[in-house]
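Numbering (UniProt numbering), first residue to last: 1 to 285.
A virtual CB, placed ideally from N, CA and C, is assigned to each residue, including glycine.
This one's a predicted model, so the numbers in the text were calculated from it and none came from an experiment.
Taking it in order: structure first as structure tokens, then the write-up.
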């Protein structure tokens with residue numbers, strides 16, 4: 001069930017029912033575009049469609065891509081500069097790029113990427129069209145969007161593999177942005193902390209992505225021993241929101257003692273471990 005609400009009047013406008021469990025959702029209000037990915041409740045491969053509606057005519061899906069995923073669709077993403085491109089990821093290990101201007105599924109399937117393990121999160125590396133994938137096994141990879149020029153060779157993927165040792169974490173939450181800065185959110189529930197680690201793109205190749213632990217932002221205490229499920233930073237209020245399996249949503253601001261702006265990063269990992277014993281860089285309120 002995918003309801004659409006009018007925010008000003010808090011009124012439900014439409015309710016589209018896919019008659020299946022919806023596992024992911026994305027919308028573009030300016031284009032009246034709604035897409036939903038479907039969960040696979042069965043053991044083993046099974047069709048997990050991606051449905052697209054025009055919210056002005058929600059009685060039936062405008063597009064039905066039913067054969068491209070064989071397990072739960074975990075993420076849907078649109079690129080703001082290429083509004084007809086829809087990215088979908090799945091626990092079948094695949095990331096699909098659809099051209100939603102095409103009704104036929106074979107024609108719409110523009111690119112298929114194989115991450116090599118079940119994909120928990122995927123999306124575009126804004127503002128570029130590069131693609132990132134985060135596996136349920138804490139692996140991270142980067143891929144290039146396929147060129148429309150047939151003679152142009154596609155670059156090899158950038159494979160970080162299992163990042164737990166490199167990032168000093170026990171699990172990866174997701175990849176997000178603080179303003180224009182891409183960051184990977186990584187947690188360590190045994191030590192009750194979360195880090196936002198900046199990702200930058202170098203000039204040594206088309207997918208030269210690297211992370212910088214020395215500029216990590218630390219959230220000491222995080223959600224205790226519970227796993228953090230999501231994090232979002234509002235740059236206008238300089239506030240980071242986190243939610244966890246403890247059932248809480250927490251808002252964090254830089255501590256006055258630390259004097260650190262959320263967009264600047266912090267000192268070395270060694271220094272952060274020392275500071276952790278004295279005071280938190282960020283404090284919930």
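- For residue 145, no alpha helix (DSSP H) encloses it, and the DSSP letter there is neither H nor E.
- If only uninterrupted beta strand (DSSP E) runs of at least 3 residues are considered, those enclosed by the stretch 16 to 58 are 22 to 28, 33 to 38 and 50 to 54.
- Comparing alpha carbon positions, the residue from 107, 174, 77 and 116 closest to residue 25 is 77.
- Counting only runs of at least 4 residues, the stretch 155 to 197 fully encloses the following alpha helix (DSSP H) elements, listed from N- to C-terminal order: 164 to 167.
- Here residue 144 has 130, 154, 155, 206 and 207 as same chain residues with Cβ atoms under 7 Å from its own Cβ, once five neighbours each way along the sequence are excluded.
- Excluding residues up to 5 positions away in sequence, 170, 225, 226 and 227 lie with their Cβ nearer than 7 Å to the Cβ of residue 189 in the same chain.
- The beta carbons of residue 217 and residue 192 sit no closer together than 9 Å.
- The shortest C-alpha to C-alpha distance from residue 28 to any of 55, 75, 104 and 109 is the one to 55.
- The DSSP-derived three-state label of residue 213 is helix.
- For residue 46, the CB contacts under 6 Å within the same chain, skipping 5 residues up- and downstream, are 40 in chain order.
- The three-state secondary structure of residue 107, taken from DSSP, is helix.
- Taken through DSSP and simplified to helix, strand or coil, residue 230 comes out as strand.
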